[in-house]
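First the structure, in the form of structure tokens, and then the observations on it.
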């Protein structure tokens, strides 16, 4: 145990006496773990040592020590909450969760969307993002000792590092971690390329050092003349970034001109631009290579001036100029211990979240839970990340239910869903999913969605995509049922009429249907009724007329009285669709007997003088019947329009013959319906009811 204490003490010279006492307790707990000379996986003390130069807060140090995976061997296990508080316990739990996560697979390398989803899940799932910092330190230690592992494991861990952990380090601005993660992973993935670049850099080291030293000496001399207190030094180019540039530009390392790099650190923002002016006055610079990341910071908050110059020998040297504040953030990112206010542009969600995390690391606020929640909510307030039983990651909108998950996995899984388990526990289908949960869907053999699923008030589905899939299923089922019903009705009518052979081509043309299924569906839906089918077979002279202009045949002669006589064959004009209660008039046609119109029908009021003699006085008879009346409904938009109107009609026991919904460029909608009405009084009542529904602009009888 003394060995552990000696190892950890140099890390914490800035901690208080009380904090050192807690640290000794943590080391004493770690000291209880039995020694195992064959154990070479990351240990808490090793990880805390890696975090030393990052100036992390005391609780992060404690959590790094106590997240040692060997702690699980202790019996009894220490009560971390009681000994060290809720924050440390939560951090340790988060680190253990991250260390045990096995979602990644090498297949993800070819699926950028899945890789990005996993990165976001790792950040969103941790209750305190400082746990991610500790996890990155664990990965650094693992890579430093990866040579002891098998080839397969080395390759897997290295690829996972490049796909997941190095990008996360970059996103959090921890560039030191990013560079080490990338270089070490690259070393195992591409050992020959790594050695080739490393050897080339070593061979030219003396030449590069002489070039850099000459540049630095001259620049320092001019900085002193201008009374600028600046630090200049050469910085190494990282092997992985060199390799990426070689591959991107298709060049050998000897053909790269920007392997020389110098960094200049000054006291304030004004001096940054002063130094830039000095550099450009002393050396020729390349305009296209200049970037001002101070005025325009990168998304992860990085700020610096970048320029490339040519020295007297023609060597290209990249120069980075920044303040100490900018440098700390560039190197340590969110882990930097900031003792001063930030400067520069702060506008993106990531930058705001980084500021929140800095406060956490400084522990200047007592409400750590609120700060940690701020970080997660600013970045991930609209998504939830859950797992399939096989460990596949599924990205859903926040508020999604197990049913949304089922439809996201596969449409048929959703259709056959009968229940769900979350982390092995049966839950209702309206349960709101949380990130990190593992979902198992219980299915039946047959597809059978429930109508309740698409009721927005019942909370079964959140995602519009899943709702659409359920609606399409019901629409398809209704179509199948209508086709079957239409076939039965057509067979029944042809048998009754003694029709042995059907000319389907002619019938499709007559009823203006594109195919047999559409014809049968129209019959099953009552868009084509028995009377129209009989008319097709029994009235040859009507075969050439389109169905929308054919008069509707009266089924009872006593409905209309013509000149006081009830038993007269009449038909109702489709152009104005008279209804009991309308003022009507008859027109004596050459082929269809007496056609009944409304007196205000345009075809009547606009009759030529020579045909007005064919008009005859008619009246409604005593026999009541129903009439097909077309109406038109104008609405602000199409959302739920047909559903709302059909519910009103169903409640009033009004039958619908057909319906057509049209949407317009301004998102408004028109719904054309033909409904079955007994008289004008009933028509007036139903139009009033529809006009009172939400979203309705106007309802009227179609003329």
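Residue numbers (the numbering used here): 4 to 706. Quick reminder that beta carbons are idealized off the backbone N, C-alpha and C, glycines included.
Give the straight-line distance between the Cα atoms of residue 408 and residue 32, rounded to the nearest whole angstrom. Counting from one through the chain shown, the residue named residue 408 turns up at place 405. Counting from one through the chain shown, the residue named residue 32 turns up at place 29. Their backbone Cα atoms lie some 43 Å apart in a straight line.
Quick test of the definition: if touching needs 3 or more C-beta pairs under 8 Å, does the stretch 198-216 touch the stretch 237-248? yes
Leaving out five residues before and five after residue 3 in sequence, what residues of the same chain have Cβ atoms less than 7 Å from its Cβ? Here the chain has residues from 4 to 706 only, and residue 3 is not among them.
What do you get for residue 76, buried or exposed, if any count of 16 or more other CB atoms within 10 angstroms of its CB means buried? Numbered from its first residue, the chain shown carries residue 76 at position 73. So residue 76 ends up on the exposed side.
How long is the line joining the alpha carbons of residue 71 and residue 62, rounded to whole angstroms? Start at 1 with the first residue of the chain shown, and residue 71 comes out as number 68. Start at 1 with the first residue of the chain shown, and residue 62 comes out as number 59. In a straight line, the C-alpha of residue 71 is about 15 Å away from that of residue 62.
Only counting the same chain, and skipping five residues up and downstream in sequence, which positions put a Cβ closer than 7 Å to that of residue 695? Start at 1 with the first residue of the chain shown, and residue 695 comes out as number 692. Result list for residue 695: empty, nothing under 7 Å.
With DSSP as the reference, label residue 642 as helix, strand or coil. Within the chain shown, the letter at position 639 stands for residue 642. Residue state, collapsed to three classes: coil.
Using the Cβ count rule (16 or more neighbours within 10 Å means buried), how would you classify residue 169? In the chain shown, residue 169 corresponds to position 166, counting from 1. Around the beta carbon of residue 169, 16 or more other beta carbons sit within 10 angstroms, so the residue counts as buried.
As assigned by DSSP and simplified to three states, the class of residue 630: Counting from 1 along the chain shown, the entry for residue 630 is found at position 627. DSSP places residue 630 in strand when its eight states are reduced to three.
Check whether the Cβ atoms of residue 180 and residue 246 sit closer than 8 Å, and answer yes or no. Within the chain shown, residue 180 is the residue found at index 177, counting from 1. Within the chain shown, residue 246 is the residue found at index 243, counting from 1. No; because the gap between Cβ atoms is not below 8 Å, this pair is not in contact.
First through last residue of the beta strand (DSSP E) which encompasses residue 661: The residue labelled residue 661 in the question sits at position 658 within the chain shown. Its beta strand (DSSP E) spans residues 659-666.
Taking residue 648 as the reference, give the member of 46, 667 and 677 with the closest Cα. Residue numbering aside, residue 648 sits at position 645 when the chain shown is read from its first letter. Closest option to residue 648, Cα to Cα, is 677.
For the pair the stretch 415-429 and the stretch 486-501, tell me if three or more CB-CB distances fall below 8 Å. No: the two stretches stay apart, fewer than three of their Cβ pairs being nearer than 8 Å.
With 16 other Cβ atoms within 10 Å as the buried cut-off, status of residue 670: Position 667 of the chain shown, counted from the first residue, corresponds to residue 670. Burial call: exposed.
Going by CA-CA distance only, name the one from 135, 448, 672 and 65 that's closest to residue 97. The residue given as residue 97 occupies position 94 in the chain shown. Comparing Cα positions, the closest option is 135.
Quick one: Cα of residue 270 to Cα of residue 214, how far? Position 267 of the chain shown, counted from the start, is the residue given in the question as residue 270. Position 211 of the chain shown, counted from the start, is the residue given in the question as residue 214. Cα to Cα, the separation comes out at about 26 Å.
Helix or strand or just coil, what does DSSP make of residue 298? On the chain shown, residue 298 is found 295 positions in, with the first residue counted as 1. In the three-state reduction of the DSSP assignment, residue 298 falls in the coil class, being assigned neither a helical nor a strand state.
Buried or exposed (CB count within 10 angstroms, at least 16 for buried), residue 452: As a position in the chain shown, residue 452 is number 449, starting the count at 1. Per the 10 Å Cβ criterion, buried.
Inter-residue CB distance, residue 287 and residue 313 (contact presumed, cutoff 8 Å): Numbered from 1 along the chain shown, position 284 holds the residue referred to as residue 287. Numbered from 1 along the chain shown, position 310 holds the residue referred to as residue 313. Sure, about 5 Å apart at Cβ, within 8 Å.
From the DSSP output, read off the bridge partner residues of residue 3. There is no way to answer for residue 3, as the model of the chain reaches only from 4 to 706.
One or two residues paired with residue 601 in a DSSP bridge: Along the chain shown, one-based indexing puts residue 601 at 598. Note: residue 601 sits in a beta bridge opposite 587.
Could you have a look at residue 518 and say whether DSSP puts it in helix, strand or coil? Counted from its first residue, the chain shown places residue 518 at position 515. Residue 518: coil per DSSP, three-state reduction.
Per DSSP, residue 309 forms a beta bridge with which residues? For the purposes of this step, residue 309 is taken as residue 306 along the chain shown, with counting starting at 1. DSSP, once it has assigned bridges, lists 294 and 323 as partnering residue 309.
What separation, rounded to the nearest whole angstrom, lies between the Cα atoms of residue 92 and residue 118? If you number the chain shown from 1, residue 92 lands on position 89. If you number the chain shown from 1, residue 118 lands on position 115. Approximately 29 Å between the Cα atoms of the pair.
Based on the DSSP secondary-structure assignment, which residues constitute the bridge partners of residue 429? The count along the chain shown starts at 1 and reaches residue 429 at position 426. Per DSSP, 424.
Per DSSP, which residues does residue 682 bridge with? Please list them. Indexing the chain shown from 1 puts residue 682 at position 679. Per DSSP, 583.
Reducing DSSP to helix, strand and coil, say where residue 623 ends up. Position 620 of the chain shown, counting from 1, holds the residue named residue 623. In this structure, residue 623 counts as strand in the three-state DSSP scheme.
Within 10 angstroms of the Cβ of residue 636, are there 16 or more other Cβ atoms? Answer buried if so, exposed if not. Start at 1 with the first residue of the chain shown, and residue 636 comes out as number 633. Buried: at least 16 other Cβ atoms inside 10 Å.
Let me confirm a value: residue 321 is counted as buried when at least 16 other C-beta atoms fall within 10 Å, else exposed. Which label applies? Here residue 321 refers to the residue found at position 318 when the chain shown is read from its first residue. With a 10 Å radius around the Cβ and a threshold of 16 neighbouring Cβ atoms, residue 321 comes out buried.
Does DSSP put residue 707 in a helix, a strand or coil? Nothing about residue 707 can be read from this structure; the chain reaches only from 4 to 706.
Contact between the stretch 217-224 and the stretch 278-298 is defined here as three or more beta-carbon pairs at a separation below 8 Å; is this criterion met? yes
I'd like the list of long-range same chain contacts for residue 564, defined as Cβ closer than 6 Å, with 5 residues on each side in sequence excluded. Within the chain shown, the letter at position 561 stands for residue 564. Closer than 6 Å at the Cβ level, and outside the excluded window around residue 564, lie 622 and 624.
By Cβ distance, which residues of its chain are closer than 7 Å to residue 629, with the 5 residues on each side in sequence left out? Within the chain shown, the letter at position 626 stands for residue 629. If we look at residue 629 and ignore the five residues flanking it on each side, its Cβ neighbours are 679, 680 and 681.
Three-pair Cβ contact test at 8 Å for the stretch 322-332 versus the stretch 294-309: yes
Comparing alpha-carbon positions, which option in 592, 579 and 613 lies nearest residue 602? Here the question's residue 602 lines up with position 599 in the chain shown. Selected option, being the one with the closest Cα: 579.
Between the alpha carbons of residue 481 and residue 642, how many angstroms are there, rounded? Mapped onto the chain shown, residue 481 falls at position 478. Mapped onto the chain shown, residue 642 falls at position 639. Rounded to whole angstroms, residue 481 to residue 642 spans 20 Å at the Cα level.
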